[in-house]
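Q: I'd like to ask some things about the structure below.
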Amino acid sequence: MPPLPQSFFDRPVAELARALLGCRIRLGSVILRITEVEAYAGPEDSASHARFGSTDRNAPMWGPPGHAYVYLCYGIHNMLNITAEAPGRAAAVLIRACEPIAGLEQIVRRRGGRAGPASLAGPGKVGAALELDTGWSGHPLYESGGLSVLAGERPVRVLAGPRVGIDFASPADQARPWRFAVADSPWVSQRRGLELLR
DNA sequence: TCTACGATCTTT
DNA sequence: AAGATCGTAGAT
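And the structure:
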C-alpha cells in the first residue's frame with residue numbers, strides 16, 4: 460500500500476488531526492493505527508512550539524506539509540508530529556496514541572516485554588515503539604521507504620476535548636478542543652475531558 | 001555562556 | 001506526589 464499523497468496533509472491543522480485518526484504509520488515492519496492526536500497551530504496558538512517563531516528545532520512546522528517533526532521532551536521522550544498546511548504556515552499534529560497493527564513482537568521488545576493498550580497510549584510510548592529519534596525530524600512521510608503514513612479505516616465515532624500538558628498556554632488556547640481520539644478504542648492515553656463529536 | 005523548564009512516564 | 005534527564009529558548 461502506497462503512502463498518502465502530500466496533498467492529504469495540506470489543510471487546516473485541526474482538520475488534518477481528525478483526518479489522521481485511523482490512518483497508519485509504518486516504519487520497517489512496524490505498523491501502527493493512529494487512535495489519538497492533538498493539533499498545534501502557528502504563533503497565534505500559545506500552546507504551540509511555534510509560539511516563539513521559527514527555530515532550529517521547530518523548523519519542520521514551517522516547512523511543507525506531510526513531514527515529520529520529532530523533538531525530545533523532558534530529555535527522555537521522542538515525540539512524533541506530522542506537519543500540516545502550506546509552507547510558511549506553522550502547524551503540526553502530535554501523535555498521542557496508536558494501536559499496533561503489525562510488528563507487535565518488536566514493539567514489545569522495545570518496551571521491555573510489556574504488551575496491551577497501555578504500551579502505546581501516550582506520545583512518548585509511540586516514539587519508543589517506533590524507536591524514533593530527532594534524526595527523523597523533517598523526514599517526508601508521503602514517500603515510500605523509511606517513515607511513512609498510509610490510509611486506514613476512518614473511525615465511525617470521534618471524541619474531542621482540550622489538549623493535555625499545556626498549563627503554560629492562555630486560557631482560551633487551553634480550552635480549544637483540539638484533541639481527538641477514536642471513540643470506543645482502548646488505545647487512548649486519557650479519556651478524561653473527551654466528549655463525542657457531533 | 002548560563003538558567004529554567006518542558007506537547008511525559010514511571011514509581012512511590 | 002515527585003524524580004528522571006537533557007536539549008532548547010531566552011536572557012546575559
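FYI, this note's numbering numbers position 78 of the first sequence as 537, with every residue one higher than the one before it. All residues carry an ideal CB built from backbone N, CA and C; glycine is no exception.
1. A543: which of V489, V608, G522 and G562 sits nearest, CA to CA?
2. Assuming A527 contacts I541 (C-beta within less than 8 Å), just tell me the rounded distance between them.
3. Measure the alpha-carbon distance for A545 versus R569 and round it to whole angstroms.
4. Can you give me the Cβ contacts of M520 inside the same chain, cut-off strictly under 7 Å, excluding the 5 residues immediately before and after it?
5. Run through the DSSP bridge pairs and tell me what A476 is partnered with.
6. The beta strand (DSSP E) spanning I490 covers which residue range?
7. With DSSP as the reference, label L463 as helix, strand or coil.
8. Kindly indicate which three-state DSSP category G586 falls into: helix, strand or coil?
9. Can you give me the C-alpha to C-alpha distance between P524 and Q465, rounded to a whole angstrom?
10. Taking the CB atoms as reference points, tell me whether L579 and W646 lie closer together than 7 Å.
11. Going by other Cβ atoms of all chains shown within 10 Å of its Cβ, with 16 needed for buried, is A498 buried or exposed?
12. Over the uninterrupted beta strand (DSSP E) stretch that includes E558, give me the two end residues.
13. Grab the span of the beta strand (DSSP E) containing A619 for me, first residue to last.
14. Is it true that the CB of V585 sits closer than 7 Å to the CB of I625?
15. Return the bridge partner residues of S607 from the DSSP annotation.
16. What's the gap between the Cα of D592 and the Cα of H536?
17. What is the C-beta distance between G611 and C482, in whole angstroms, given that I count them as a contact (C-beta under 8 Å)?
18. Let me check understanding here. Comparing Cα to Cα, which of L531, I566 and C557 lies closest to S644?
19. So does the segment 488–503 actually touch the segment 468–479, counting three or more Cβ pairs closer than 8 Å?
20. Is D504 buried or exposed, if buried means 16 or more other CB atoms sit within 10 Å of its CB?
21. Quick one: grab the DSSP three-state call for F468.
A: Judging by the given coordinates:
1. Considering only alpha carbons, the answer is G522.
2. Between I541 and A527 the Cβ distance is about 7 Å, and since that is below 8 Å, they are a contact.
3. Note on geometry: alpha-carbon atoms of A545 and R569 lie some 35 Å from one another.
4. Here the set comprises H508, A509, Y528, T542, A549, A550 and A551.
5. Paired residues: none, contrary to the question.
6. I490 -> beta strand (DSSP E) spans V489 to Y499.
7. Note: L463 maps to coil in three-state DSSP.
8. Residue state, collapsed to three classes: helix.
9. A straight line joining the alpha-carbon of P524 with that of Q465 spans about 7 Å.
10. By the CB criterion at 7 Å, L579 and W646 fall inside the cutoff.
11. By the 10 Å Cβ count, A498 comes out buried.
12. Counting along the chain, the beta strand (DSSP E) containing E558 begins and ends at A551 to A561.
13. Boundaries of the beta strand (DSSP E) harbouring A619: V617 to G620, taken from the DSSP string.
14. With respect to V585, I625 sits apart: the two C-beta atoms are not nearer than 7 Å.
15. Its beta-bridge partners are R485.
16. Cα-Cα distance, rounded: 9 Å.
17. Contact between G611 and C482 holds, with the beta-carbon distance rounding to 5 Å and staying under 8 Å.
18. If we check each option's Cα against that of S644, C557 comes out closest.
19. Taking a contact to require three or more Cβ pairs closer than 8 Å, the segment 488–503 and the segment 468–479 qualify as touching.
20. It counts as buried.
21. Residue state, collapsed to three classes: helix.
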